[in-house]
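K.L.:
Be aware that the sequence shown starts at 2, since it is given in this note's numbering, and climbs by one per residue. Every residue gets a Cβ at the ideal spot worked out from N, C-alpha and C, and that includes glycine.
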Amino acid sequence: MDHDDIPVGIGGEGDILPNSTILPDVGGYLPIIDQGMSTAGECRYRQAIPVARRGRLDINSNFGLRKSFLPQGSRKYTPLQQPTAQEVMINAISSGPTTVFLMGAHTNFAIFLMNNPHLKKNVKHIYAMGGSVRSNCPKNDSSDISKECPNIGNLYPQDSNPYAEFNIFSDPFAAYKVLHSGIPVTLIPLDATNTILLSKDFFMEFERRQNTYEAKYCFQALKLTRDTWLNDAFHEEYCMWDSFMVGVALSIMGKSHNYNGENEFAEMQYMNITVVTSNEPYGIADCSNPLILEDSIPKFNVTKYGLHSGHVQMGMQDPFCLQRKCQDGYTKEDNGEDAVRVLVATKAKSNPDNQSSLQKAFYTSFLHVINSPEKTGRFDIRRQYPFHREVLYKPDFGMKMRGKPVIFDMDMSAGDFLALLYLLKLPIELLNLKGILISSTGWATSATIDVVYDVLHMMGRDDIPVGLGEAFAVGESNPVFSAIGDCKYSKAIPHGSGGYLDSDTLYGLARDLPRSPRRYTAEDSAKFGAPRDTEHPELRQQTAQDVWNSVVESLDPGSKITMLTNGPLTNLAQIIQSKNGSSLIQRVYIVGGHTGYVDNNEKGNLFTVPSNEYAEFNMFLDPLAAEQVFTSSLDITLIPLQIQRRVSSFSSIIDSMNVTIQTPETVFAQRLISRLWQLQKEHYRYNHMDIFLGEILGAIIMAGNPQLNQTFTSKPLKILSNGNTTKIGQIVIDEEQGKQVNVLENVNQEAYYEHFARVLGDSRQSAVLGSFHEQEIMWNSPPERTNFGHHNPQL
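Next comes the structure, spelled out in structure tokens:
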């Protein structure tokens, strides 16, 4: 859109102290009441949002269009250099009078107001999309709306809270602080957006009118949303939420002295409302409310028996809420002293042109603006480069013998990508990597699967299938609606620096990889249980089970699969529950678990769960899956934490890589490892970076290099999967009930570093396309003129 001038802020590593002091740059990853000294934390509100398909996975990838359609800009995320949310707001609002649009949770802006009261005078007006004030059902003025029409909000299922809307529910206390800030607020709630459905006539007209890149991009997203809708009522259920809010706001702002909010698109009305942040009875400390804890001073100056002192919803399966119907996040009409006078949109206006097939006034305006040649987008990815083309690179190994068939199960942490590069470099005669399973319960969100595709494309291995695993750990999905679930274990992973933010971007290096023609897409097929075929069902993203099945079908008679797991054991637990799953696995190499405390009291690595001293992340993140694996008939070799730590020296691995041949994969691995090391030295949030170096060890042990002098001991091991958080995920030796597991005890560290560097520096099976920069050169040149010196004819 030719707007690289607009600053973008995300996150921040500031803390909120126990005494309610808000430090600079609090990131807004967690609701204000749950924010403490880390970006890891509970998901009491966030768990209402679906995680995988038709949820955050589709939003994070925009149904796959983010990579298939959008051009690649010059700006990108870089750790410790990315402007924070608070920094961008402070700079913008300090410059003068500002109007604020809020189209999500109010956390960031509420923190800004609480920490910068001197700048509040510069905020002239707030327009917010969200909330639900009145039901659309007809009601008797004397009746109780909660009894007559209880389903006011849009959470699903509504059995615990029928009143809240997602944006406000994501952080009710933040929304309350914004509403009660004294700044004029205009609210566009469900009351209004429920009256501007995305009608069939509008959809058809939009399909006909795609005259700009932005129109095409928006329509393609809408089309995929419609095609993957779970029922046939898309046009009766999907509303024009955020775009309608922007249209109403801009129309109001276009008229001076417009105190009553006159505009072209919505009927407006002043109402006295508040935001419910807790539930009666007030003042009872039941451990649900971090603001009011027994024997402690209430936080943020809330009163001990006031409106913020009641029960706070703990999740979608909160027993208190299931019984009493909680109201957390309800934008409720109130004539008491806590009410605030707010301008509220109540209904979308009809189109004044009675001859038009578009029934709402905003439909016409939206299509006009999105197709306007003024300020239009410059190009999509295909027009950004004159010779853009998507080519799949697949190897031709000819008559070479194939080594043992291997499936790699990874959770897409930084170490997993280093291990993947190593596996792709091993001779095909030694190891035949036949499939990759993605563990979505580990260190990265599901949409990071695109980075896996890009690494495979770089290495000329677009033939390797990649399957996406379950979104939740065993037992964590909601029993009524499996698309949502709890975060009992995943809450241990930070959202910000050193956590999801960095894993999802490969610490800012993901955009340096060449863009693969393969990518996650929401395209789906009725053959695999979808409601209907989308336009390109053949592009459907495979599941982990799909890839397992296809690999099994491709095996030679009598062959079995060797598995390497580098993350939680969710996928493996699912596989061994399937028909003949265990019998088809030759051996499993498991990177994870911790047994070092038995001999020398060595601690585990759950740095965000200090009460659990001896667990390791991969076992903790899905303990029930780990228990299923460790009680199975599988032949297991364990690469435990204490041995991983022995090969986690940044200086040693960098020194070894500096003296090897600089293949493109060596250069990329060096950049990643060097970045992790530099971050560890620069900021305390990155103290744990060396844990990712140890994740390469499993791949190297599986390859079986005798120079490593590895030694193993058989031990009867048992996983603690239930009970107190202080014990979950720990491995204990149990002579009676434990499973005999081969545990790696020792390895030649110097030989390990040299071997890893030597394999990556081997010119055989090297990268076909070394970087996105090389891809840019290719896309700017006719096909016959593109030639890179490291192209490997063996591929």
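Buried or exposed: E755, going by 16 or more other Cβ atoms within 10 Å of its Cβ?
P.N.:
For this step, residue 755 is matched to residue 754 along the sequence shown. Looking at its Cβ environment, which holds 16 or more other Cβ atoms inside 10 Å, E755 is buried.
K.L.:
To the nearest angstrom, report how far apart T79 and P72 are at their CA atoms.
P.N.:
Working through the sequence shown from its first residue, we reach residue 79 at position 78. Working through the sequence shown from its first residue, we reach residue 72 at position 71. Approximately 19 Å, taken between the alpha carbons.
K.L.:
Using 8 Å for Cβ pairs, my map puts I34 next to L292. What's the rounded Cβ distance?
P.N.:
Translated into positions along the sequence shown, residue 34 becomes position 33. Translated into positions along the sequence shown, residue 292 becomes position 291. Contact flag correct, Cβ pair sits at about 6 Å.
K.L.:
When you compare only the Cα positions, how much space is there between L18 and V27?
P.N.:
Translated into positions along the sequence shown, residue 18 becomes position 17. Translated into positions along the sequence shown, residue 27 becomes position 26. Distance between the alpha carbons of L18 and V27 is about 11 Å.
K.L.:
When you compare only the Cα positions, how much space is there between V797 and F529?
P.N.:
Because residue 797 is not part of the residues shown, which for the chain are 2 to 796, the question remains open.
K.L.:
What did DSSP end up calling A346 once you bin it into helix, strand or coil?
P.N.:
Looking up residue 346 in the sequence shown gives position 345. Of the three classes helix, strand and coil, the one that applies to A346 here is strand, per DSSP.
K.L.:
Whole angstroms are fine: how far does the CA of H126 sit from the CA of S161?
P.N.:
The residue labelled residue 161 in the question sits at position 160 within the sequence shown. The residue labelled residue 126 in the question sits at position 125 within the sequence shown. Looking at the backbone, the Cα of S161 and that of H126 are separated by about 33 Å.
K.L.:
Enumerate in chain order the residues of its own chain whose CB-to-CB distance from S414 is below 8 Å, with the five nearest sequence positions on each side excluded.
P.N.:
Residue 414 sits at position 413 when you count from the first residue of the sequence shown. Within the same chain, S414 has close Cβ partners G443, W444, A445, S504, N567, G568, F693 and E696.
K.L.:
Helix, strand or coil for L103, going by three-state DSSP, please let me know.
P.N.:
As a working mapping, residue 103 is identified with position 102 in the sequence shown. In the three-state reduction of the DSSP assignment, L103 falls in the strand class, which pools E and B.
K.L.:
Can you tell which of N743, I285 and R209 has the C-alpha that lies nearest to the C-alpha of N637?
P.N.:
Translated into the one-based positions of the sequence shown, residue 637 becomes position 636. Residue identity differs from the one stated: residue 637 is Ile in this sequence, not Asn. Among N743, I285 and R209, the Cα nearest to that of I637 is on N743.
K.L.:
What span of residues does the alpha helix (DSSP H) with P665 cover, start to end?
P.N.:
Working through the sequence shown from its first residue, we reach residue 665 at position 664. Per DSSP, P665 belongs to the alpha helix (DSSP H) from P665 to E683.
K.L.:
Restricting to runs no shorter than 3 residues, where is the beta strand (DSSP E) found entirely within the segment 120-207?
P.N.:
124-130 and 186-189
K.L.:
Ignore the nearest five residues each way along the sequence and tell me which others in G316's own chain have a CB closer than 7 Å to its CB.
P.N.:
Counted from its first residue, the sequence shown places residue 316 at position 315. These residues qualify, in order along the chain: R45, Q48 and D487.
K.L.:
Using the C-alpha atoms, what's the distance from V101 back to E775?
P.N.:
Mapped onto the sequence shown, residue 775 falls at position 774. Mapped onto the sequence shown, residue 101 falls at position 100. Rounded to whole angstroms, E775 to V101 spans 41 Å at the Cα level.
K.L.:
Taking C-beta to C-beta, are T726 and S39 nearer than 7 Å?
P.N.:
Counted from its first residue, the sequence shown places residue 726 at position 725. Counted from its first residue, the sequence shown places residue 39 at position 38. One thing to note: T726 has its Cβ no nearer than 7 Å to the Cβ of S39.
K.L.:
Which one of I7, Y177, D6 and Y508 has the shortest CA to CA distance from I274?
P.N.:
Taking the first residue of the sequence shown as 1, we reach residue 274 at position 273. I274 has its Cα closest to that of Y177, out of I7, Y177, D6 and Y508.
K.L.:
Look at the Cβ atom of M459, then the Cβ atom of A768, and state whether they are nearer than 7 Å.
P.N.:
Within the sequence shown, the letter at position 458 stands for residue 459. Within the sequence shown, the letter at position 767 stands for residue 768. The answer is yes: Cβ separation under 7 Å.
K.L.:
Using a 10 Å radius around the Cβ and a threshold of 16 neighbouring Cβ atoms, would you call V9 buried or exposed?
P.N.:
Start at 1 with the first residue of the sequence shown, and residue 9 comes out as number 8. With fewer than 16 other CB atoms across the displayed protein chains lying within 10 angstroms of its CB, V9 is exposed.
K.L.:
Are G762 and I655 touching if we call contact CB-CB under 7 Å?
P.N.:
Stepping through the sequence shown from its first residue, residue 762 is reached at position 761. Stepping through the sequence shown from its first residue, residue 655 is reached at position 654. No, these two residues do not count as a Cβ contact at 7 Å.
K.L.:
Excluding the 5 residues flanking K121 on each side, which residues of the same chain have their C-beta closer than 8 Å to its C-beta?
P.N.:
Numbered from 1 along the sequence shown, position 120 holds the residue referred to as residue 121. Excluding sequence neighbours, K121 sits near L114, S182, G183 and I184.
K.L.:
How is the beta strand (DSSP E) around Y271 delimited, first residue to last?
P.N.:
On the sequence shown, position 270 is the one that residue 271 refers to. Taken as a continuous stretch (DSSP letters only), the beta strand (DSSP E) holding Y271 covers A267 to V276.
K.L.:
When the Cα of N606 is compared with those of L393, P641, I591 and L635, which residue comes out closest?
P.N.:
To locate residue 606, count along the sequence shown from 1; it is residue 605. Checking every option, the nearest Cα to that of N606 belongs to P641.
K.L.:
My output table needs one value for G15: the three-state DSSP class, helix, strand or coil.
P.N.:
Taking the first residue of the sequence shown as 1, we reach residue 15 at position 14. Three-state result, G15: strand.
K.L.:
For T664, I'd like the list of residues in its chain whose CB is within less than 7 Å of its CB, leaving aside the five on either flank, ordered along the chain.
P.N.:
Numbered from 1 along the sequence shown, position 663 holds the residue referred to as residue 664. These residues qualify, in order along the chain: L761, G762, S764, S767, A768 and H791.
K.L.:
My output table needs one value for L573: the three-state DSSP class, helix, strand or coil.
P.N.:
Mapped onto the sequence shown, residue 573 falls at position 572. L573 falls in the helix class under three-state DSSP.
K.L.:
Report the start-end ranges of each alpha helix (DSSP H) in the segment 438-470 that is 4 residues or longer and not cut off at the edges.
P.N.:
450-459
K.L.:
So, is P139 buried or exposed, given that buried needs 16 or more other C-beta atoms within 10 angstroms?
P.N.:
Stepping through the sequence shown from its first residue, residue 139 is reached at position 138. Low per-residue confidence applies at P139: pLDDT is 40, beneath 50, and the placement is therefore not dependable enough to give any value.
K.L.:
Could you compute how far the alpha carbon of Q324 sits from the alpha carbon of F363?
P.N.:
By one-based count along the sequence shown, residue 324 stands at place 323. By one-based count along the sequence shown, residue 363 stands at place 362. When the Cα atoms are used, Q324 and F363 turn out to be separated by approximately 41 Å.
K.L.:
Along the chain, which unbroken stretches of the beta strand (DSSP E) at least 3 residues long are found entirely within the segment 350-433?
P.N.:
Complete beta strand (DSSP E) runs here, min 3: 405-411.
K.L.:
Could you tell me whether the Cβ atoms of V592 and G699 are closer together than 7 Å?
P.N.:
Within the sequence shown, the letter at position 591 stands for residue 592. Within the sequence shown, the letter at position 698 stands for residue 699. In contact: V592 and G699 (Cβ atoms closer than 7 Å).
K.L.:
Let's test the definition: count the other Cβ atoms within 10 Å of the Cβ of S440 and tell me whether it reaches 16, buried, or not, exposed.
P.N.:
Taking the sequence shown and counting its residues from 1, the one referred to as residue 440 is at position 439. When all chains shown are included, S440 counts as buried.
K.L.:
Taking only the alpha-carbon atoms, compute the straight-line gap between A267 and A346 and give it to the nearest angstrom.
P.N.:
The count along the sequence shown starts at 1 and reaches residue 267 at position 266. The count along the sequence shown starts at 1 and reaches residue 346 at position 345. Between A267 and A346, the C-alpha separation is close to 6 Å.
K.L.:
Alpha carbons only, please: which of R383, F398 and N659 is nearest the one belonging to E391?
P.N.:
Reading the sequence shown from its first residue, position 390 is the one you call residue 391. Among R383, F398 and N659, the Cα nearest to that of E391 belongs to R383.
K.L.:
Can you list, in chain order, the stretches of the beta strand (DSSP E) that have 3 or more residues and sit fully within the segment 29-110?
P.N.:
Taking 3 residues as the minimum length, the beta strand (DSSP E) runs contained wholly in the segment 29-110 are 99-103, in order along the chain.
K.L.:
Which whole runs of the beta strand (DSSP E) in the segment 704-790 are 3 residues long or more, in chain order?
P.N.:
Runs of the beta strand (DSSP E) inside the segment 704-790: 712-720, 732-734 and 740-747.
K.L.:
Assuming contact is defined by CB atoms lying nearer than 7 Å, are A222 and F64 in contact in what I supplied?
P.N.:
For the purposes of this step, residue 222 is taken as the residue at position 221 of the sequence shown. For the purposes of this step, residue 64 is taken as the residue at position 63 of the sequence shown. Yes; because the gap between Cβ atoms is below 7 Å, this pair is in contact.
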